[in-house]
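Colleague: Here the protein sequences line up with chains X and F, keeping their order.
If you number the first sequence the way my numbering does, the last residue is 235 and the count never jumps.
If you number the second sequence the way my numbering does, the last residue is 507 and the count never jumps.
Glycine is no exception: its CB is placed at the ideal position from the N, C-alpha and C atoms.
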Amino acid sequence: MGDSQYSFSLTTFSPSGKLVQIEHALMAVGSGQTSLGIKATNGVVVATEKKLPSILVDETSVQKIQLMTPNIGVVYSGMGPDSRVLLRKSRKQAQQYFRLYKESIPVTQLVRETAAVMQEFTQSGGVRPFGVSLLIAGYDDNGPQLYQVDPSGSYFSWKASAMGKNVSNAKTFLEKRYTEDMELEDAIHTAILTLKEGFEGQISGKNIEIGIIGTDRQFRVLSSSEIDDYLAEVE
Amino acid sequence: MVKMTDLPIKGGFSFDLCTRNQMLLEKGLQMPPFRKTGTTIVGLVFQDGVVLGADTRATEGPIVADKNCEKIHFMASNIYCCGAGTAADTEAVTDMVSSQLQLHRYATGRESRVVTALTLLKSHLFSYQGHVSAALILGGVDVTGPHLHTVYPHGSTDTLPFATMGSGSLAAMSVFESKYREGLTREEGIELVAEAICAGIFNDLGSGSNVDVCVITKGQTEYLRNYQLPNPRTYISSKGYSFVKGQTEVLSTKITPIQPKVETVGGDAMEE
Numbered sequence: 001m002g003d004s005q006y007s008f009s010l011t012t013f014s015p016s017g018k019l020v021q022i023e024h025a026l027m028a029v030g031s032g033q034t035s036l037g038i039k040a041t042n043g044v045v046v047a048t049e050k051k052l053p054s055i056l057v058d059e060t061s062v063q064k065i066q067l068m069t070p071n072i073g074v075v076y077s078g079m080g081p082d083s084r085v086l087l088r089k090s091r092k093q094a095q096q097y098f099r100l101y102k103e104s105i106p107v108t109q110l111v112r113e114t115a116a117v118m119q120e121f122t123q124s125g126g127v128r129p130f131g132v133s134l135l136i137a138g139y140d141d142n143g144p145q146l147y148q149v150d151p152s153g154s155y156f157s158w159k160a161s162a163m164g165k166n167v168s169n170a171k172t173f174l175e176k177r178y179t180e181d182m183e184l185e186d187a188i189h190t191a192i193l194t195l196k197e198g199f200e201g202q203i204s205g206k207n208i209e210i211g212i213i214g215t216d217r218q219f220r221v222l223s224s225s226e227i228d229d230y231l232a233e234v235e
Numbered sequence: 236m237v238k239m240t241d242l243p244i245k246g247g248f249s250f251d252l253c254t255r256n257q258m259l260l261e262k263g264l265q266m267p268p269f270r271k272t273g274t275t276i277v278g279l280v281f282q283d284g285v286v287l288g289a290d291t292r293a294t295e296g297p298i299v300a301d302k303n304c305e306k307i308h309f310m311a312s313n314i315y316c317c318g319a320g321t322a323a324d325t326e327a328v329t330d331m332v333s334s335q336l337q338l339h340r341y342a343t344g345r346e347s348r349v350v351t352a353l354t355l356l357k358s359h360l361f362s363y364q365g366h367v368s369a370a371l372i373l374g375g376v377d378v379t380g381p382h383l384h385t386v387y388p389h390g391s392t393d394t395l396p397f398a399t400m401g402s403g404s405l406a407a408m409s410v411f412e413s414k415y416r417e418g419l420t421r422e423e424g425i426e427l428v429a430e431a432i433c434a435g436i437f438n439d440l441g442s443g444s445n446v447d448v449c450v451i452t453k454g455q456t457e458y459l460r461n462y463q464l465p466n467p468r469t470y471i472s473s474k475g476y477s478f479v480k481g482q483t484e485v486l487s488t489k490i491t492p493i494q495p496k497v498e499t500v501g502g503d504a505m506e507e
């Protein structure tokens, strides 16, 4: 890796003190499909648009929302392949933690380790930053938690957040609709309404994905028929 | 430092210290003993799945180190593994493969298969050339049906309808050879396994205490910890023991006063 002509780090500081590559990575995230997450009192919900490039694509083969551990799930905005690399590393780190301490990794620890990986790629030679922002949703002994991790490696805990194309509209909508005592079912409805706001075309269980985790601490992705039921309730 | 690609893991035994160890042995060093499980473990296939059984005694030479240890290890919700040999080795290897199976499940989105666990175990054990002293009975039910395998420390495996391992394996096998038949029901399978383990418990010194059973069927696993307790403690005195002052003879007395605390007065503060 270190003997090519371009083995210097691409993320070198600009005179104004910015890391231009990271800014560009955030642009890549900003042009990705909208995704959002809401933390309720008894759980967390994450949702994303699932716009496929053509009607010929088999939508059952695509799943954007994935599990990192049985009680931690993740959704991304930006470059799908980049998210897969991070997902793989995070799953492995969660397993290593379990093997060492014989307890499930807490959400904050996993977020920290994922963020550390993303940061590594902004300070190494011959690599580029990841073109994804992740929303990590989990439920552990500290209750329900929602974290956003950016290409720079910085992470934030959110009560509700959105990323991707429609981020400003979605965040404004969430700011209006979010309440501290919201429960999981309300949060799911709010998430659907937020996605609907900027959705081009007809929203259905086939072109959005929703993942939830409740007090049972089992993260799961809703089936398209379950989403259709929720959509009917919202209408 | 660039480390985004995982370097291939250099497995196998590192022989670097062998010359040193040989020299120490010649000088008269006693190697510390391994804690062996001196075990009876069994498994059989019945009509709906597999039943695994194990005793619960862990020995350190002639001493019982653990009267109620767990020898049936979790690999996946549909796969369990009994371990005989060195306790640390069986624990470590089953934990490691269990972790690898979890990662594999995430990558494939499917339930783990018994042959996957089998291949992971045998490749690991082979690369350590028998130095990882783990003799295992691996059993589970997956989409392809119920499976039962034995794994030996050097990495060879067998696929069998019924199997026994450990120091009590001969006692247990005698029970299986006379009473096993195909198409046993769940109750018959559990009874036979318990009988085989009891044969090991009573006839082998390395096995003892209780019987653990694990029943795996399609979609459901039941871990029956301490299914039978054929060796209860019966000698506890209900009155307890009393040790009266004066019962123990005093041979000699030596009193050493504890040093009084030395207080320093004055002096300068430390330079920064």
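Taking buried to mean at least 16 other C-beta atoms within 10 Å of its own C-beta, is F:Gln257 buried or exposed?
Modeller: By the neighbour-count rule (16 or more Cβ atoms within 10 Å), F:Gln257 is not buried but exposed.
Colleague: Straight-line CA distance for X:Met163 to F:Leu336?
Modeller: One C-alpha to the other measures close to 33 angstroms.
Colleague: Can you tell me whether F:Lys302 is buried or exposed, with buried defined as 16 or more other CB within 10 angstroms of its CB?
Modeller: With fewer than 16 Cβ atoms within 10 Å of its Cβ, F:Lys302 is classed as exposed.
Colleague: Excluding the 5 residues flanking X:Lys89 on each side, which residues of the same chain have their C-beta closer than 7 angstroms to its C-beta?
Modeller: The residues are Val117.
Colleague: In chain F, which residues lie with their C-beta within 7 angstroms of the C-beta of X:Gln95?
Modeller: Those are Ser334, Gln337 and Leu338, listed as they occur along chain F.
Colleague: Where does F:Phe250 sit, in a helix, a strand or coil, going by DSSP?
Modeller: DSSP places F:Phe250 in coil when its eight states are reduced to three.
Colleague: So what's X:Lys196 in DSSP terms, helix, strand or just coil?
Modeller: Three-state result, X:Lys196: helix.
Colleague: What separation, rounded to the nearest whole angstrom, lies between the Cα atoms of F:Ala370 and F:Ala327?
Modeller: Each residue's alpha carbon lies about 13 angstroms from the other.
Colleague: If you draw a straight line from the alpha carbon of F:Arg340 to that of F:Gly263, how long is it in whole angstroms?
Modeller: Taking the straight line joining both Cα atoms gives about 49 angstroms.
Colleague: So what does X:Arg84 bridge to, in DSSP terms?
Modeller: X:Arg84 is not bridged to any residue.
Colleague: Any C-beta of chain X sitting closer than 8 angstroms to the C-beta of F:Tyr341?
Modeller: It does; some Cβ of chain X falls within 8 angstroms.
Colleague: Quick one: Cα of F:Val497 to Cα of X:Arg99, how far?
Modeller: Their Cα atoms are separated by approximately 49 angstroms.
Colleague: In the DSSP assignment, find the unbroken alpha helix (DSSP H) run with F:Gly435 in it and report its ends.
Modeller: Looking at the DSSP string, the run of the alpha helix (DSSP H) that includes F:Gly435 is Arg421 to Asn438.
Colleague: Measure from the C-beta of F:Asp330 to each C-beta in chain X and report whether the shortest distance is under 8 angstroms.
Modeller: For F:Asp330, the answer is yes, since a Cβ of chain X falls inside 8 angstroms of its Cβ.
Colleague: If you reduce the DSSP assignment to three classes, tell me which class X:Glu49 lands in.
Modeller: Three-state DSSP puts X:Glu49 in a strand.
Colleague: Residues of the stretch 206 to 220 of chain X with a CB closer than 8 angstroms to any CB of chain F: list them in chain order, please.
Modeller: Result list empty, no residue passes.
Colleague: Please report the straight-line C-alpha distance between F:Thr321 and X:Leu19, rounded to a whole angstrom.
Modeller: If you take the alpha carbons of F:Thr321 and X:Leu19, they lie about 54 angstroms apart.
Colleague: Against chain F, which members of the stretch 64 to 81 of chain X pass a CB distance test of less than 7 angstroms?
Modeller: The residues in question are Leu67.
Colleague: Is the CB of X:Lys39 under 8 angstroms away from at least one CB in chain F?
Modeller: So no, X:Lys39 is outside the interface.
Colleague: Using the DSSP secondary-structure output, state which residues sit across from X:Pro144 in a beta bridge.
Modeller: Looking at the DSSP assignment, X:Pro144 forms a beta bridge with X:Tyr139.
Colleague: Taking a Cβ distance cut-off of 9 angstroms, strictly less, list which residues of the stretch 96 to 114 of chain X are near chain F, in chain order.
Modeller: Against chain F - using a Cβ distance shorter than 9 angstroms - the residues of the stretch 96 to 114 of chain X are Gln96, Phe98, Arg99 and Lys102.
Colleague: Among the residues of its own chain, which have a CB less than 7 angstroms from the CB of X:Lys206, if the five just before and after it don't count?
Modeller: If we look at X:Lys206 and ignore the five residues flanking it on each side, its Cβ neighbours are Glu59 and Ser224.
Colleague: Exposed or buried, F:Thr354, counting other C-beta atoms within 10 Å across all chains shown (16 or more means buried)?
Modeller: Under this definition F:Thr354 is an exposed residue.
Colleague: Does the count of Cβ pairs from the stretch 344 to 359 of chain F and the stretch 479 to 488 of chain F closer than 8 angstroms reach three?
Modeller: Verdict: no, contact absent.
Colleague: Going by the beta-carbon positions, is the gap between X:Val46 and X:Leu135 smaller than 8 angstroms?
Modeller: Contact flag set, yes.
Colleague: Looking at the structure shown, is X:Met79 part of a helix, part of a strand, or coil, going by DSSP?
Modeller: If DSSP states are grouped into helix, strand and coil, X:Met79 belongs with coil.
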